[in-house]
Amino acid sequence: MKNNEKRKNNIDMLSGPLMKKILLFAVPLAATSILQQLFNTVDTAVAGRFAGSLALAACGSTSSLITLYVNLFVGISVGANVVIANLIGQGRDDRINAAVKTAMSVAVVSGLIMMAAGTATARPVLTVMGAPDDVLDLAVLYLRIYFLGMPFSMVYNFGSAVLRSRGDTRRPLYCLLVSGVFNVGLNLFFVIVLDMSVAGVACATVLANLLNALLILYFLKHEEDRFRFSLRHMGFDRALLSQILKIGIPSGLQGVVFSISNVCIQSAINSFGSSAIAGSAAAVNFEFLSFFIVNAFVQTAVTFTSQNFGAGNFRRCTKVYIRCVALGIGCAALADYTFIFFREPLMGLFTADAAVIPYAYLRLSHVLMFQPLVAGYEITGGAMRGTGRSLAPALISLFGTCLLRICWAFAVVNMGLSYSVLLDTYPVSWIITNIMMTSFYFYFRKRDFRNRSSLVE
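When you line the sequence shown up against our numbering, it's residues 32 to 488, in that order.
Written out as structure tokens, the structure reads:
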């Protein structure tokens with residue numbers, strides 16, 4: 032019975048019709064990512080409605096910084112996903128368990144590193160970012176408590192990557208469903224009943240991340256032998272660790288440079304005052320939700336491509352790419368334009384401050400309107416990472432989503448330009464990055480397929 036249940040959770044990526052399997056993989060993954068982001072969304076909503084605009088600004092002003100720290104190590108989990116999925120495609124069952132143990136050991140170590148770094152650097156980094164005096168202390172408090180939960184968050188993210196590599200996106204979703212409800216309840220209790228303000232919403236997120244980690248460890252402990260893991264069996268395989276880092280570090284750096292650009296833009300937003308910060312913080316939640324829909328198809332492209340590339344199914348790799356791009360753009364557009372259409376009631380969930388709402392609406396019209404463009408270059412980069420080529424997407428993102436935006440934000444602040452002009456950097460950078468990423472994908476694809484074909488033969 033247990034074996035049948037495990038097979039039910041997994042997806043055969045190497046044969047059969049693709050469209051249904053891509054959706055079966057991507058939809059639970061999108062729901063999982065959205066629920067994970069809702070931890071922060073609930074934080075900002077509860078803070079804004081029950082603790083005031085300053086608390087909302089404090090939570091919102093830390094989001095880009097949290098993403099900066101987290102993205103490097105979550106990117107490394109992508110490396111684990113690629114390596115394990117590739118081993119599955121090659122039929123290398125003898126190496127899978129060593130890869131699982133290595134990946135989960137990296138999760139524990141990276142979580143501890145982030146906990147120490149995040150709590151130690153919270154105040155100086157937020158000060159450099161220009162957080163206003165009336166927001167700074169609350170933002171520092173929120174950030175320091177939040178980072179206490181980083182080891183739990185990393186265990187969940189890497190554990191999910193292990194399950195995802197074999198086609199299981201359902202059980203990570205089950206974890207988030209349970210912890211999401213837990214998080215909402217704790218948020219309301221800590222803020223409304225105990226009057227803990229930002230400290231309460233941060234504590235709720237930490238405890239929810241702890242629950243997530245415990246659930247994912249339970250699933251891994253009861254997996255079949257090649258995927259089984261427990262904290263008593265931690266260890267590193269040097270060869271596999273090298274492969275994971277070779278793919279994961281560039282992938283993580285891609286997320287980091289993306290976050291650096293957002294930190295710079297957040298610093299520019301800070302110059303417009305607390306109302307702009309709060310309005311941007313409210314609107315950006317919907318950008319995150321849209322991005323995680325896109326990211327579901329990115330991870331689908333990574334995993335399906337990894338298994339089929341390992342097995343030498345190159346035509347199927349191409350089909351995976353085309354279908355993921357089409358679905359990613361379509362689903363992102365549906366979500367984005369739904370958010371824009373219902374902007375009034377949605378913004379009402381976060382704030383009733385008349386000075387804040389116009390800034391939120393401006394961000395929706397200048398950023399969310401064009402966000403489906405993200406699907407094009409992100410999924411294309413994911414397809415390249417699935418073949419083991421991770422450095423090129425990172426370098427392209429370094430230019431398109433980091434250097435360009437930093438220069439733009441610098442110009443806006445120094446030339447005294449408007450808040451709306453600052454936001455225009457997003458669609459411009461997305462168009463440029465799409466052109467570059469797609470061109471490089473088609474250039475490298477023939478070479479990678481040819482090189483892998485010679486190894487298979």
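A virtual CB, placed ideally from N, CA and C, is assigned to each residue, including glycine.
Select from the options the residue whose C-alpha is nearest the C-alpha of residue i.
i	options	result
ALA116	VAL193, LEU66 and ILE53	VAL193
ALA153	SER136, PHE328, ARG347 and VAL171	VAL171
GLU255	ILE127, VAL77 and VAL288	ILE127
LEU245	SER306, PRO59 and PRO203	PRO203
ILE324	CYS362, ARG123, LEU271 and VAL232	CYS362
ALA76	SER64, GLY286, VAL229 and GLY198	VAL229
VAL287	ILE65, CYS438 and GLY106	GLY106
SER64	ALA134, VAL140 and ASN188	ASN188
ILE12	ASP384, LEU399, ARG346 and ASN344	Beyond the ends of the chain as shown, which are 32 and 488, falls residue 12; an answer cannot be given.
ALA78	TRP439, VAL222, LEU358 and PHE319	VAL222
PHE263	VAL139, TYR100 and LEU66	It should be noted that the sequence gives Arg, not Phe, for residue 263. Here the closest residue by C-alpha is VAL139.
PHE475	TRP439, THR418 and LEU448	THR418
Counting C-beta neighbours from all protein chains within 10 Å, is the total for residue i 16 or more, i.e. buried, or is it exposed?
i	result
LEU251	buried
ALA147	exposed
PHE441	exposed
ARG420	buried
ASN445	exposed
PRO155	exposed
SER305	buried
LEU143	exposed
GLY47	exposed
MET50	exposed
ALA342	buried
VAL186	buried
CYS90	buried
MET32	In this prediction, MET32 has a pLDDT of 41, which is less than 50 and means its spatial position is unreliable; what the coordinates show is noted afterwards. Result: exposed.
I believe residue i touches residue j by the beta-carbon criterion, under 8 Å. Please report the beta-carbon distance rounded to the nearest angstrom.
i	j	result
HIS397	ASP455	6 Å
MET44	PHE372	About 36 Å; that fails the 8 Å criterion.
LEU207	ASN243	7 Å
MET160	GLN297	6 Å
SER136	PHE267	6 Å
CYS348	PHE328	15 Å between Cβ atoms; not a contact.
PHE260	VAL131	5 Å
SER460	LEU435	5 Å
ASP165	LEU87	12 Å between Cβ atoms; not a contact.
ALA134	ILE353	29 Å between Cβ atoms; not a contact.
PHE289	CYS433	7 Å
ALA270	TYR173	Not really, about 41 Å apart at Cβ, beyond 8 Å.
Spatial neighbours of residue i within its chain, please: C-beta separation below 6 Å, excluding the five flanking residues on both sides.
i	result
ILE463	GLY431
PHE56	ILE42, THR200 and THR331
PRO458	PHE401
MET265	SER136
ALA391	GLY310, ALA313, ALA314 and MET378
PHE178	MET146, GLY149 and THR150
GLY180	VAL237 and ASN240
LEU453	ALA299 and VAL443
PHE183	ASN240, LEU241 and ALA244
If you drop the 5 nearest sequence neighbours on each side, which residues of the same chain put their C-beta closer than 8 Å to that of residue i?
i	result
LEU395	ALA314, PHE317, PHE370, ILE371 and ARG374
ILE427	TYR408, GLY412, THR464, MET467, MET468 and PHE471
THR158	LEU167
I'd like the list of long-range same chain contacts for residue i, defined as Cβ closer than 7 Å, with 5 residues on each side in sequence excluded.
i	result
SER196	ASN112, ILE115, ALA116, ILE119 and THR334
ARG23	Given a span of 32 to 488 for the chain in the structure shown, any question on residue 23 remains unanswerable.
ALA307	ILE300, TYR390 and TYR450
ILE388	GLY310, MET378 and THR382
PRO403	ILE360, ALA363, ALA364 and ASP367
So, is the C-beta of residue i closer than 8 Å to a C-beta in chain C?
i	result
GLN274	Going by chain labels, chain C is absent from the structure shown, which holds only one protein chain.
Quick one: which unbroken alpha helix (DSSP H) runs of 4-plus residues sit fully inside the stretch 408 to 441? Chain order, please.
422 to 428
Which whole runs of the alpha helix (DSSP H) in the stretch 142 to 212 are 4 residues long or more, in chain order?
164 to 178 and 181 to 196
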